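Asker:
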Amino acid sequence: MQQHTTWIHNLLDGELSAHDEPSLFGELSVNTDLRTEFKQQLAIRSAVQHDRMALVPPAHLTNTVFSGLGFAAPMAGAAAGAAGGGFMLPWLMKLGLPILSAAAAIGVTMAVSNAPTNQNAINTNAINTNAINTNAISSNAGETASSVASTPASSDAEEMLTALRGENRRLRGALANAQSDDQGNQQPPEPSPAKQSPTPAPQVQPPTEPLADDYQRPASVAVSSIDLTSSMSFDNSRDLQTIETQIMPAQMTYTPYPSPMLQARGFAASSLSDVNVPNQSVWYENFAVAFLYQVSPKHAFGVEVGSESFAQSFDGESNGQTIRYEQRPSSIWWGGLYRYTAGSIGKTAFSPFMQAFAGGTQYGPLGRATLGMQYSPSGPLSFIVGIEGTLLGYKFQDSWFTSSKVGLTYGMAVRL
Amino acid sequence: MKSRTSEYSDSELYALMSTERSEEAFSELYARLSANVFAYCLRVLGSRDQAYDIFQETFLRFYQSAERHAHLENVRAYALTICRNLCLNEKKRMQSGAVEFDELMYNPGVTREAERTEMMQLITMALELLPHDMREAFVLREYDGLPYQEISDMLNIKLDTVKVRVFRARQKIKEILEPYLNEMSKD
Chain A
0 MQQHTTWIHN LLDGELSAHD EPSLFGELSV NTDLRTEFKQ QLAIRSAVQH DRMALVPPAH
60 LTNTVFSGLG FAAPMAGAAA GAAGGGFMLP WLMKLGLPIL SAAAAIGVTM AVSNAPTNQN
120 AINTNAINTN AINTNAISSN AGETASSVAS TPASSDAEEM LTALRGENRR LRGALANAQS
180 DDQGNQQPPE PSPAKQSPTP APQVQPPTEP LADDYQRPAS VAVSSIDLTS SMSFDNSRDL
240 QTIETQIMPA QMTYTPYPSP MLQARGFAAS SLSDVNVPNQ SVWYENFAVA FLYQVSPKHA
300 FGVEVGSESF AQSFDGESNG QTIRYEQRPS SIWWGGLYRY TAGSIGKTAF SPFMQAFAGG
360 TQYGPLGRAT LGMQYSPSGP LSFIVGIEGT LLGYKFQDSW FTSSKVGLTY GMAVRL
Chain B
0 MKSRTSEYSD SELYALMSTE RSEEAFSELY ARLSANVFAY CLRVLGSRDQ AYDIFQETFL
60 RFYQSAERHA HLENVRAYAL TICRNLCLNE KKRMQSGAVE FDELMYNPGV TREAERTEMM
120 QLITMALELL PHDMREAFVL REYDGLPYQE ISDMLNIKLD TVKVRVFRAR QKIKEILEPY
180 LNEMSKD
């Protein structure tokens, strides 16, 4: 038995001679106790191997060693894995920075975009107020003597009413001219009840008082009645469109496509690999600049360059030993992207978009997918917020490894 | 000139560290050797705090040693020798025959899966129960993966003695863990 046990140890050490192999295997096939001992030694060895793989110096110890020698934190170094803390806590810790960054980005975006949004809201209200007044006039056209109560809400409304009054005067002038021409051109014969037209001649009643005075009334505005004959029409809708265009030129007239676009964005992402080595950070970390060419409202192509760190954990061989490397090198990446922007959500300036990126780093190829929301208020500026997943492939000692990240991105673009 | 430090051998890196005081060379050697040194410190000393201190001291001396040696054949064995000498000094200083088992000796940085492996914790406990010479030979062989001959050279003992110590250590650990191993085999 002792001999067989020695053979088992020799086998584990890789030193069992070819001569002894058949004897050991033959004995193992018939000897239950020896087989049990063999299994136990294998279990111990396996546990030791796992223990050895897990025994890496923690990050703070590595930093202490390097700082003790006056060196910067290492790019590559054995480090600890993740500490415990349940399932949710690590994820919350990972997503804490991205969530805070996104909240800050949304705050900045809202602050920047609030002013023009409110202004637009005022304009829209003014238009709506005027539209009510105009519709009231329209509904009263053809009727006799009706009035609409209205309170102007802003100076825009005042302008609108002034324009409407001008139009009203023009119409009345035209009607009066038509009436006088008609009276001038026709030599009225002796009035004869038999030849009298069944339809009375068109008449325009002069306003009982000037419209300007009507508008000055604070409580209500009495739009004077207009008598229109069937031979005249008042195209309110066309006139309204014209007025709206004059008031809100920025929203209705926008730069046509295609157009180039410059975009700057930041991102906060967490690695899905448990690597506790600190980032090798640079001042331009987690920042990217892109040049996009928007060929249509929905499709854009571009190139992007940025910098971020990638957590890498991989095994390598050195002197016959398996060594685990952990590092977070910072890398500049570059590549091409395609963005598809869907239509606006309702009548808002928000549009969802999807983006695919393919490029590379000094370590290997890089792919990225982004799903987000684009906010495009009036003017050339637009803002984006989204979530994105990144996958980096890298090679070490002829073996491929991957590093993946998920996170949030936020940025601003300007049309050139 | 190789493009990456990972392409250099241990001896070449040590030579770079010696001649150029290269930080990159040290960083690469640290990446290669730290797990060995750390495992030795932790499993031989048994105390986490002591292991941390000895680990730091080892690499400090390892870097300083490059001023005296331009070339080394076996850099890993050299680093482990520094570590071993420091561990022996520490043991003498503590003047305690048996090191109390530290429940927290397990590196908090290890993966959670490993932490939860009962078998690994039992191995650690079993190692604590071994005599120092057996434990040392076992750790150098199983944890650091050194060949018997290197262990023999490093410990300055006969090759057969090393084999016997490793053999006895394995058998002792098996005996300690036998009840657990039997239970495990039933499952």
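Protein sequences, first through last, are from chains A and B.
Residue 0 is where the first sequence starts when you use numbering that gives the first Met the number 0, and the numbers rise one by one after that.
Residue 0 is where the second sequence starts when you use numbering that gives the first Met the number 0, and the numbers rise one by one after that.
No residue lacks a Cβ here, since even glycine has one placed at the ideal position from N, Cα and C.
In this text the structure is predicted, and so the values were computed from the model without any measurement.
Contact criterion: CB-CB distance below 8 Å. Does Leu68 (chain A) meet it with respect to chain C?
Answerer: The structure shown contains no chain C; its protein chains are A and B.
Asker: Taking the C-alpha atoms as reference points, what is the distance between Ser270 (chain A) and Ala310 (chain A)?
Answerer: Taking the straight line from one Cα to the other gives about 6 Å.
Asker: Check each residue of the region 62–82 of chain B: if its Cβ is closer than 7 Å to any Cβ of chain A, include it; give the result in chain order.
Answerer: Residues passing the 7 Å Cβ filter: Tyr62 and Arg75.
Asker: Should Thr347 (chain A) go down as buried or exposed, given a rule of 16 or more other Cβ atoms within 10 Å for buried?
Answerer: Per the 10 Å Cβ criterion, exposed.
Asker: Is the region 18–37 of chain B close to the region 329–348 of chain A, with three or more CB pairs under 8 Å?
Answerer: No contact exists between the region 18–37 of chain B and the region 329–348 of chain A.
Asker: Do the CB positions of Leu261 (chain A) and Ala412 (chain A) come within less than 8 Å of each other?
Answerer: Yes, the pair counts as a contact, with Cβ atoms nearer than the cut-off.
Asker: Does the distance from the C-beta atom of His8 (chain A) to that of Phe166 (chain B) stay below 8 Å?
Answerer: For His8 (chain A) and Phe166 (chain B), yes; Cβs fall inside 8 Å.
Asker: Helix, strand or coil: how does DSSP classify Arg67 (chain B) here?
Answerer: It is coil, neither helix nor strand.
Asker: Specify whether the region 55–65 of chain A and the region 141–151 of chain B touch according to this definition: at least 3 beta carbon pairs, one from each stretch, less than 8 Å apart.
Answerer: Cβ pair count under 8 Å is below three, so no.
Asker: Whole angstroms are fine: how far does the CA of Phe313 (chain A) sit from the CA of Ser402 (chain A)?
Answerer: Rounded to the nearest angstrom, the two C-alpha atoms are 10 Å apart.
Asker: To which residues of the same chain is Phe286 (chain A) closer than 7 Å at the C-beta, ignoring the five residues directly before and after it?
Answerer: Excluding residues within five positions, the ones whose Cβ falls inside 7 Å are Gly265, Gly305 and Ser306.
Asker: Per the contact definition of three or more C-beta pairs closer than 8 Å, is the region 5–25 of chain A in contact with the region 10–28 of chain B?
Answerer: Short answer: they don't touch.
Asker: Less than 8 Å between the CB atoms is what I'm expecting for Thr80 (chain B) and Met153 (chain B), so what's the real figure, rounded?
Answerer: About 6 Å separates the two Cβ atoms, so the contact holds.
Asker: Name the DSSP bridge partner or partners of Ala289 (chain A)?
Answerer: Answer is A:Gln262 and A:Glu303, bridged to Ala289 (chain A).
Asker: Pull up the CB-CB distance for Gly371 (chain A) and Gly385 (chain A), whole angstroms please, since I reckon it's below 8 Å.
Answerer: So it is a contact: roughly 2 Å between Cβ atoms.
Asker: Check the Cβ of Tyr142 (chain B) against every Cβ in chain A and list those closer than 8 Å, keeping chain order.
Answerer: The contacting residues are Val47, Asp50, Arg51 and Leu54.
Asker: Please classify Ser191 (chain A): is it buried, with 16 or more other beta-carbons within 10 angstroms of its beta-carbon, or exposed?
Answerer: Note on Ser191 (chain A): pLDDT 45, under 50, position unreliable in the model; no value is reported.
Asker: Taking Cβ positions only, does Ile383 (chain A) come closer than 8 Å to chain B?
Answerer: No, its Cβ sits nowhere closer than 8 Å to a Cβ of chain B.
Asker: Excluding sequence positions up to five away, which residues of its chain have a Cβ less than 8 Å from the Cβ of Leu15 (chain A)?
Answerer: If we look at Leu15 (chain A) and ignore the five residues flanking it on each side, its Cβ neighbours are Trp6, Asn9 and Leu23.
Asker: Taking the alpha carbon of Ala341 (chain A) as the reference point, which residue from A:Trp399, A:His18, A:Gly315 and A:Lys297 has its own alpha carbon closest?
Answerer: Comparing Cα positions, the closest option is A:Lys297.
Asker: Select from the region 8–21 of chain A all residues with a C-beta closer than 7 Å to any C-beta belonging to chain B, and list them in chain order.
Answerer: So the close ones are His8.
Asker: Counting only Cβ pairs nearer than 7 Å, list the residues of chain B close to Thr63 (chain A).
Answerer: Chain B residues near Thr63 (chain A): Gln55.
Asker: Quick one: what's got a C-beta closer than 7 Å to Leu11 (chain A)'s C-beta in the same chain, skipping five residues either side?
Answerer: For Leu11 (chain A), where only same-chain residues beyond five positions count, the Cβ hits under 7 Å are Gln40 and Arg44.
Asker: So, using beta-carbon positions, are Val55 (chain A) and Phe58 (chain B) closer together than 8 Å?
Answerer: Cβ atoms of Val55 (chain A) and Phe58 (chain B): not closer than 8 Å.
Asker: Can you look up Tyr283 (chain A) in the DSSP assignment and give me helix, strand or coil?
Answerer: Coil at Tyr283 (chain A), not helix or strand.
Asker: Thinking C-beta only, is Gly406 (chain A) closer than 8 Å to Ala267 (chain A)?
Answerer: Cβ atoms of Ala267 (chain A) and Gly406 (chain A): closer than 8 Å.
Asker: CA-CA distance, Gly378 (chain A) and Glu284 (chain A)?
Answerer: Each residue's Cα considered, the two are about 30 Å apart.
Asker: Got a sec, what are the start and stop residues for the alpha helix (DSSP H) Met144 (chain B) sits in?
Answerer: In the sequence under discussion, the amino acid at residue 144 (chain B) is Gly, which differs from the Met named in the question. Unbroken run through Gly144 (chain B): none, as it is neither H nor E.
Asker: So which residues of chain A does Ala24 (chain B) contact, with C-beta pairs closer than 7 Å?
Answerer: What Ala24 (chain B) touches in chain A: nothing, since even the nearest Cβ is about 11 Å away.
Asker: Kindly list, in the order they appear in chain A, the residues whose Cβ is closer than 7 Å to that of Ile172 (chain B).
Answerer: Residues of chain A passing the Cβ test: Ile43.
Asker: Which residue or residues does DSSP assign as beta-bridge partners of Ser308 (chain A)?
Answerer: For Ser308 (chain A), which the question treats as bridged, DSSP gives the partners A:Ser329.
Asker: Using a Cβ cut-off of 7 Å, pull out every chain A residue sitting near Tyr51 (chain B), in sequence order please.
Answerer: Here the neighbours are Leu60.
Asker: At which residues does the beta strand (DSSP E) containing Ala17 (chain A) begin and terminate?
Answerer: Ala17 (chain A) -> no beta strand (DSSP E), and no H or E assigned at all.
Asker: Determine, for Arg164 (chain B), whether the minimum Cβ-Cβ distance to residues of chain A falls below 8 Å.
Answerer: Not an interface residue.
Asker: On the criterion of 16 or more Cβ atoms from any shown chain inside 10 Å, does Asp32 (chain A) qualify as buried, or is it exposed?
Answerer: Classification of Asp32 (chain A): exposed, given that the 10 Å Cβ count is below 16.
Asker: For Lys162 (chain B), which residues from the same chain have a beta carbon less than 7 Å from its beta carbon, with the 5 sequence-adjacent residues on both sides left out?
Answerer: Excluding positions up to five away in sequence, the list reads Tyr147.
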